[in-house]
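Q: With mature numbering (1 follows the signal peptide of the UniProt record, and there is no 0) as the guide, the letters of the sequence shown map in order to residues -18 to -1, 1 to 419.
No residue lacks a Cβ here, since even glycine has one placed at the ideal position from N, Cα and C.
Owing to the predicted nature of the structure, the values given are computational and were not obtained by experimental measurement.
Before I ask anything, here is the structure I am working with.
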Amino acid sequence: MNSHILFSLFFLFCSTYAASTPTCPDGFKLVNRKKCLKSFPDYKLHDEAEAVCRGYGGTLDNRAVSDLAGGHSNPFVWLGVYCFSNVTTSCYLDDNSGPLTYSNFATGYPKRDAQYGGCVYMTTYGPDVGKWFSSPCEYTGLEYVCEVPSTVDDKACTHNYNGNCYLPSHELSINTPNTTYSTAQNICKSINARLVSIHSKPEIDYIKSLYTNSGIQQITLGAQAFMQDTFDWTDGSSFDYDNFDPLATTKGNCLQMDLSSRVDNGMWSQINCQTVNYFVCKRKAGVAVTVAGETDQKEEEEEEKDVNPKFKFQMATEKRELPIQHLDLSDLCNSTLFIAPGVITSFGYPISQPPATYCTWKVAVVGAYRLGIYFTDFSVMYPVNIYDEKNNLLASPKYEMKPFSVLAPYNMVALTHDSAKDAELQFHGFSATILPY
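What follows is the structure, given as structure tokens:
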């Protein structure tokens, strides 16, 4: 009897340990039990290398890269760092974790001028091994190392990312891969999952990769409105990230994510919950999967409580983290560089008699992404001139215009505007949301 109990406890321990042991996607190597790295020996421009990493839901790596990349023929590898000026405090990590806390630049670097760009590479052998240097992002093709988060081993999971298992509806053995929100949610529950919640830009990148060449244009997300224009994830997780399309005009109590061919796809918009869409289910990796329809009754009742509108406001106020602070830069024109996401406005917006001021805004997103400007209100006499980081004029919109976007080819732009005639001619200025894409 005792030996049976000991064996059962041992089996339980082994099962629990195996389920919690960090693991990596195929081809990636686990480093320090925290992150997964993969070295790519093919040569890519910096933007091309970032695109490959985003397809895995990751970014270029800048730590622990020497050992992994040192065995290849190219003495240089791209790093996941981008610098906006000649000081290290202007250098940001591509994974959205903020400015550098460690750097190993060679003497005199970083450099940011007409010859040296904002991208950063590292030498992997020779007298400068491990040193960092500045380079134009389109300078040449280099090797690179992608970093993705570790996950939990799950033999039953095909799409395993960051501790979660993703189950696209078109891959499920069901008769209705595209359906309404409520039916989709019930299908997900039948396989011990819920409609997907999203908590970061890399997670969006990973989900987008699941639909490459699928022809599917949009998917329903696992969110519902508990007040007008205010949403919560119905799996109970915090609504700590959003990617709403600033130019979307539809209204509804559910959300969908765009998967169309537009270059800035992945944004969310409101829809009627009866809209028929494809969808993706999400569950914790390593969790036992039951046969469809055999969900635990207690769990079912708890989840119904989570999505019951009577409880939504209380749940949101108790669990929601502080919202992302979008910068209002209206009083900071002609000032320093700002990192998106944010909102820029003409000086004094939205008063009917804006003061006569010449303003310059410099805005950027981290190096893994390009920058999109989404004008939600636009009313100016003189043009708003928009320049990319190479000082090429991208657009010069003026007068009254309906909401529109300008998508920059790089991750930094400068905008200039002279409001000298706006008040006299009854123009009221502009407001624009800045987002990565």
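Hey, would you say L241 sits closer than 8 angstroms to T216, going by beta carbons?
A: Sequence index remark: in the sequence shown, residue 241 carries index 259 (1-based). Sequence index remark: in the sequence shown, residue 216 carries index 234 (1-based). Contact flag unset, no.
Q: For M394, I'd like the list of residues in its chain whose CB is within less than 6 angstroms of its CB, leaving aside the five on either flank, ordered along the chain.
A: On the sequence shown, residue 394 is found 412 positions in, with the first residue counted as 1. Result list for M394: A346, E371, in chain order.
Q: Hey, is the region 99 to 112 in contact with the region 9 to 18, meaning 3+ C-beta pairs nearer than 8 angstroms?
A: As far as the Cβ criterion goes, the region 99 to 112 does not touch the region 9 to 18, which means the pair count is below three.
Q: Return the Cβ separation of G39 and V130 in integer angstroms, given the expectation that the two are a contact with Cβ distance under 8 angstroms.
A: As a working mapping, residue 39 is identified with position 57 in the sequence shown. As a working mapping, residue 130 is identified with position 148 in the sequence shown. Indeed they touch by this definition, with Cβ atoms about 6 angstroms apart.
Q: Please specify which runs of the beta strand (DSSP E), each continuous and at least 3 residues long, are wholly inside the region 334 to 368, giving them in chain order.
A: As far as the region 334 to 368 is concerned, its whole beta strand (DSSP E) runs of at least 3 residues are 340 to 346, 353 to 362.
Q: Exposed or buried, F412, counting other C-beta atoms within 10 Å across all chains shown (16 or more means buried)?
A: Stepping through the sequence shown from its first residue, residue 412 is reached at position 430. It counts as buried.
Q: With 16 as the cutoff for other CB atoms within 10 Å, does P23 come out buried or exposed?
A: Position 41 of the sequence shown, counted from the first residue, corresponds to residue 23. Counting Cβ neighbours within 10 Å, P23 comes out exposed, since fewer than 16 surround it.
Q: Locate the alpha helix (DSSP H) running through Q167, then write down its first and last residues.
A: Walking along the sequence shown from the start, residue 167 turns up at place 185. That run of the alpha helix (DSSP H) goes 163 to 172.
Q: Run through DSSP, which three-state label would residue 421 get?
A: This structure gives no information on residue 421, because the portion of the chain shown stretches from -18 to 419.
Q: If you measure between the beta carbons of residue 458 and G90, is that distance less than 8 angstroms?
A: It is not possible to answer for residue 458, since the shown part of the chain is limited to -18 through 419.
Q: Taking C-alpha atoms, which residue in V325, I198, Y188 lies nearest to K264?
A: Position 282 of the sequence shown holds residue 264. Among V325, I198, Y188, the Cα nearest to that of K264 belongs to Y188.
Q: Report the three-state DSSP secondary structure of residue 434 (helix, strand or coil).
A: With the chain covering only -18 through 419, there is no way to say anything about residue 434.
Q: Whole angstroms are fine: how far does the CA of K17 sit from the CA of V134?
A: Looking up residue 134 in the sequence shown gives position 152. Looking up residue 17 in the sequence shown gives position 35. In a straight line, the C-alpha of V134 is about 12 angstroms away from that of K17.
Q: Alpha carbons only, please: which of T41, L149, M209 is nearest the one belonging to V127?
A: Counted from its first residue, the sequence shown places residue 127 at position 145. Of the candidates T41, L149, M209, the one whose C-alpha sits nearest the C-alpha of V127 is T41.
Q: Quick one: what's got a C-beta closer than 7 angstroms to P336's C-beta in the same chain, skipping five residues either side?
A: Along the sequence shown, read from residue 1 onward, the residue named residue 336 stands at position 354. Here the set comprises S328, F329, G330, S401, D404, A405, H410, G411.
Q: Quick check on E32: does DSSP put it in helix, strand or coil?
A: By one-based count along the sequence shown, residue 32 stands at place 50. Reduced to three states, the DSSP call for E32 is helix.
Q: Can you name the start and end residues of the beta strand (DSSP E) that F221 belongs to?
A: Here residue 221 refers to the residue found at position 239 of the sequence shown. Run containing F221: none; DSSP gives neither H nor E here.
Q: By Cβ distance, which residues of its chain are closer than 7 angstroms to D136, with the 5 residues on each side in sequence left out?
A: Looking up residue 136 in the sequence shown gives position 154. Here the set comprises N142, C147, A267, G268.
Q: What is the rounded straight-line gap between the Cα of L407 and the Cα of S116?
A: Reading the sequence shown from its first residue, position 425 is the one you call residue 407. Reading the sequence shown from its first residue, position 134 is the one you call residue 116. Cα to Cα, the separation comes out at about 47 angstroms.
Q: My assumption, with CB atoms under 8 angstroms, is that Y223 sits in contact with L124. Please give the rounded CB distance.
A: Walking along the sequence shown from the start, residue 223 turns up at place 241. Walking along the sequence shown from the start, residue 124 turns up at place 142. No, Y223 and L124 are not in contact; Cβ-Cβ is about 31 angstroms, not under 8 angstroms.
Q: Classify I156 as helix, strand or coil using the three-state DSSP reduction.
A: Stepping through the sequence shown from its first residue, residue 156 is reached at position 174. Reduced to three states, the DSSP call for I156 is coil.
Q: Expressed to the nearest angstrom, what Euclidean distance is found between the alpha-carbon atoms of Y84 and R94?
A: In the sequence shown, residue 84 corresponds to position 102, counting from 1. In the sequence shown, residue 94 corresponds to position 112, counting from 1. The alpha-carbon atoms of Y84 and R94 are separated by roughly 19 angstroms.
Q: Which partner residues of M383 appear in the DSSP bridge assignment?
A: As a position in the sequence shown, residue 383 is number 401, starting the count at 1. M383 pairs with F360.
Q: Which runs of the beta strand (DSSP E) fall wholly inside the region 203 to 272 and span at least 3 residues, in chain order?
A: You should have 212 to 215, 236 to 240, 250 to 253, 259 to 266.
Q: Between the region 30 to 39 and the region 165 to 179, do at least 3 Cβ pairs fall closer than 8 angstroms?
A: Touching, no, given that fewer than three Cβ pairs across the two stretches are closer than 8 angstroms.
Q: Report the CB separation of D227 from S251 in whole angstroms; it is logged as a contact under 8 angstroms.
A: On the sequence shown, position 245 is the one that residue 227 refers to. On the sequence shown, position 269 is the one that residue 251 refers to. Correct: roughly 5 angstroms between the Cβ atoms.
Q: So L203 packs on L237, CB below 8 angstroms; how close in whole Å?
A: Mapped onto the sequence shown, residue 203 falls at position 221. Mapped onto the sequence shown, residue 237 falls at position 255. Indeed they touch by this definition, with Cβ atoms about 4 angstroms apart.
Q: Which of the three DSSP states, helix, strand or coil, is assigned to T133?
A: In the sequence shown, counting from the first residue as 1, residue 133 sits at position 151. Of the three classes helix, strand and coil, the one that applies to T133 here is strand, per DSSP.
Q: By alpha-carbon positions, which one of S219, S378, T3, M363 ends up nearest to I180?
A: Translated into the one-based positions of the sequence shown, residue 180 becomes position 198. That would be S219, whose Cα lies nearest to the Cα of I180.
Q: Is it the case that the Cβ atoms of Y419 and L376 are separated by a distance below 8 angstroms?
A: Position 437 of the sequence shown holds residue 419. Position 394 of the sequence shown holds residue 376. Contact flag unset, no.
Q: Whose C-beta lies closer than 7 angstroms to the C-beta of N78 among residues of the same chain, with five residues either side of it excluded?
A: As a first step, residue 78 must be located in the sequence shown, where it is residue number 96. Contacts found: K183, V348.
Q: Mind checking which residues open and close the beta strand (DSSP E) that includes H141?
A: Numbered from 1 along the sequence shown, position 159 holds the residue referred to as residue 141. Where H141 is concerned, the enclosing beta strand (DSSP E) stretches over 141 to 143.
Q: Look up K183 in the DSSP assignment and say whether it is helix, strand or coil.
A: As a first step, residue 183 must be located in the sequence shown, where it is residue number 201. Here K183 sits in helix by DSSP.
Q: Just how far apart, CA to CA, sit I326 and T212?
A: Start at 1 with the first residue of the sequence shown, and residue 326 comes out as number 344. Start at 1 with the first residue of the sequence shown, and residue 212 comes out as number 230. Rounded to whole angstroms, I326 to T212 spans 22 angstroms at the Cα level.
Q: Taking the alpha-carbon of K171 as reference, which of Y392, S387, S151 has the nearest alpha-carbon?
A: By 1-based counting over the sequence shown, the position of residue 171 is 189. Residue S151 is the option with its Cα nearest to K171.
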